[in-house]
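In this note's numbering, each number is its position in the sequence shown, counted from 1, plus 10.
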Amino acid sequence: MKIIIATQNPHKVEEINEIARLFKIEGVEFLPIEKSLNFNPIENGKTFEENSIIKAKEANKLTKEYTLADDSGLCVEALDGAPGIHSARYADTPQERIDKLLSNLKNNQNRKAKFVCAMTLINPKGEVIFKTQGECKGEIAYTQSGTHGFGYDPVFIVENTNKTMADMTEDEKNKISHRSRALQKVFDYIQKEFNLPM
Ligand code: ITT
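#1: Where does L206 sit, in a helix, a strand or coil, going by DSSP?
#2: For the beta strand (DSSP E) that contains D80, what are its first and last residues?
#3: For G91, write down the residues that DSSP places opposite it in a beta bridge.
#4: Could you check whether M129 and L84 sit closer than 9 Å to each other, using their CB atoms as the reference points?
#5: Would you call D81 buried or exposed, if buried means 16 or more other Cβ atoms sit within 10 Å of its Cβ?
#6: Taking 9 Å as the threshold (C-beta atoms), are Y162 and S113 in contact?
#7: Taking the straight line between their C-alpha atoms, what separation do you get for A92 and P207?
#8: Collect the residues with a C-beta less than 5 Å away from any heavy atom of the ligand ITT and give them in sequence order along the chain.
#9: So what's P20 in DSSP terms, helix, strand or just coil?
#10: Which same chain residues end up closer than 8 Å to P56 when comparing Cβ atoms and leaving out the 5 residues on each side of it in sequence?
#11: For E39 and V86, I'd like the C-alpha separation in whole angstroms.
#12: Keeping to the same chain, check which residues put their C-beta closer than 8 Å to that of P42; ignore five residues upstream and five downstream.
#13: Using a 10 Å radius around the Cβ and a threshold of 16 neighbouring Cβ atoms, would you call E68 buried or exposed?
#14: Which of the three DSSP states is assigned to K110 in this structure?
#15: Please classify E28: does DSSP put it in a helix, a strand, or coil?
#16: Going straight from the alpha carbon of N1 to that of K124, what length do you get?
#17: Going by DSSP in three states, F166 sits in which element: helix, strand or coil?
As structure tokens, this is what we get:
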């Protein structure tokens with residue numbers, strides 16, 4: 011089956027395809043949404059889940075295919091959950107977003123944080139058929155480290171490791187990430203529902 015990934019973020023498309031390879035998912039093809047369709051959803055939901063539904067529905071309107079959306083972000087305890095659903099818009103560039111986060115946290119000893127990923131799958135008729143969330147816990151580093159991944163990866167130290175997500179290889183990140191945890195539940199649903207090979 012073919013599933014369109016409802017995102018403008020190429021890193022998400024890459025990771026979703028890598029995770030599918032890592033978990034040897036067969037019978038599902040994850041494709042980016044075509045640029046010419048001008049996918050530009052208005053993400054005005056109040057939660058990750060609401061925004062993932064908005065994106066999946068908008069992609070379905072344009073394609074009439076199965077669509078999967080990922081709305082994700084970083085929630086920092088000492089900042090009352092910020093940047094949260096505003097993670098992509100916290101500042102203008104990825105580096106400015108990291109700088110703003112570190113400067114807002116200053117030397118706060120409470121560095122607890124989590125990445126959250128909400129996923130919504132919509133059928134060609136435009137109905138929500140599955141939604142789920144995945145989380146990955148960790149802490150915000152005092153300085154950035156690593157070159158892999160994207161977004162806030164260089165300042166997110168994964169729980170029970172001494173590595174930031176950007177220090178991890180692709181496979182290491184994709185085994186434990188919020189995106190991978192949400193996607194595994196999507197895979198389980200698809201395999202059962204559509205009788206795909208396990
Ligand atoms: P789409 O809305 O088009 O999917 P986006 O990047 O704007 O793309 P979101 O609104 O879901 O997506 O915002 C997600 C932001 O959260 C993303 O831009 C990063 O700043 C951050 N983020 C999410 N997952 C991440 C990850 O695995 N590693 C690092 N940062 C991540």
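Built from N, CA and C at the ideal position, the CB exists for glycine as well.
The structure presented is a predicted model; accordingly, all values stated were derived computationally and were not measured.
The answer reads as follows:
#1: In the sequence shown, residue 206 corresponds to position 196, counting from 1. DSSP places L206 in coil when its eight states are reduced to three.
#2: Along the sequence shown, one-based indexing puts residue 80 at 70. Secondary structure note for D80: its beta strand (DSSP E) is the uninterrupted segment Y76 to V86.
#3: For this step, residue 91 is matched to residue 81 along the sequence shown. According to DSSP, G91 bridges with nothing at all.
#4: Walking along the sequence shown from the start, residue 84 turns up at place 74. Walking along the sequence shown from the start, residue 129 turns up at place 119. Cβ atoms of L84 and M129: not closer than 9 Å.
#5: Here residue 81 is taken as the residue at index 71 of the sequence shown, counted from 1. Answer is buried; the Cβ neighbour count reaches 16.
#6: On the sequence shown, residue 113 is found 103 positions in, with the first residue counted as 1. On the sequence shown, residue 162 is found 152 positions in, with the first residue counted as 1. Cβ distance not < 9 Å, so S113 and Y162 don't count as in contact.
#7: As a working mapping, residue 92 is identified with position 82 in the sequence shown. As a working mapping, residue 207 is identified with position 197 in the sequence shown. Our two residues, A92 and P207, have alpha carbons roughly 40 Å apart in a direct line.
#8: The filter returns T17, Q18, N19, D81, S82, G83, S97, A98, G161, Y162 and D163, in chain order.
#9: Within the sequence shown, residue 20 is the residue found at index 10, counting from 1. If DSSP states are grouped into helix, strand and coil, P20 belongs with the helices.
#10: Here residue 56 is taken as the residue at index 46 of the sequence shown, counted from 1. The sequence shown places Lys at residue 56, rather than the Pro named in the question. Hits under 8 Å: I95.
#11: Here residue 39 corresponds to residue number 29 of the sequence shown, with the count starting at 1. Here residue 86 corresponds to residue number 76 of the sequence shown, with the count starting at 1. Near 34 Å, if we compare the C-alpha coordinates of V86 and E39.
#12: Here the question's residue 42 lines up with position 32 in the sequence shown. Take P42, set aside five residues on each side of it, and the residues of its chain with a beta-carbon closer than 8 Å to its own are I14, I15, T17, P20 and V23, in chain order.
#13: For the purposes of this step, residue 68 is identified with residue 58 of the sequence shown, where counting begins at 1. Buried: at least 16 other Cβ atoms inside 10 Å.
#14: In the sequence shown, the residue the question calls residue 110 occupies position 100. DSSP places K110 in helix when its eight states are reduced to three.
#15: To locate residue 28, count along the sequence shown from 1; it is residue 18. In the structure shown, E28 sits in a helix (DSSP, three-state: H, G or I).
#16: Past the boundaries of the shown model lies residue 1; the chain is included only from 11 to 208, so the question cannot be answered.
#17: By 1-based counting over the sequence shown, the position of residue 166 is 156. Three-state DSSP puts F166 in a strand.
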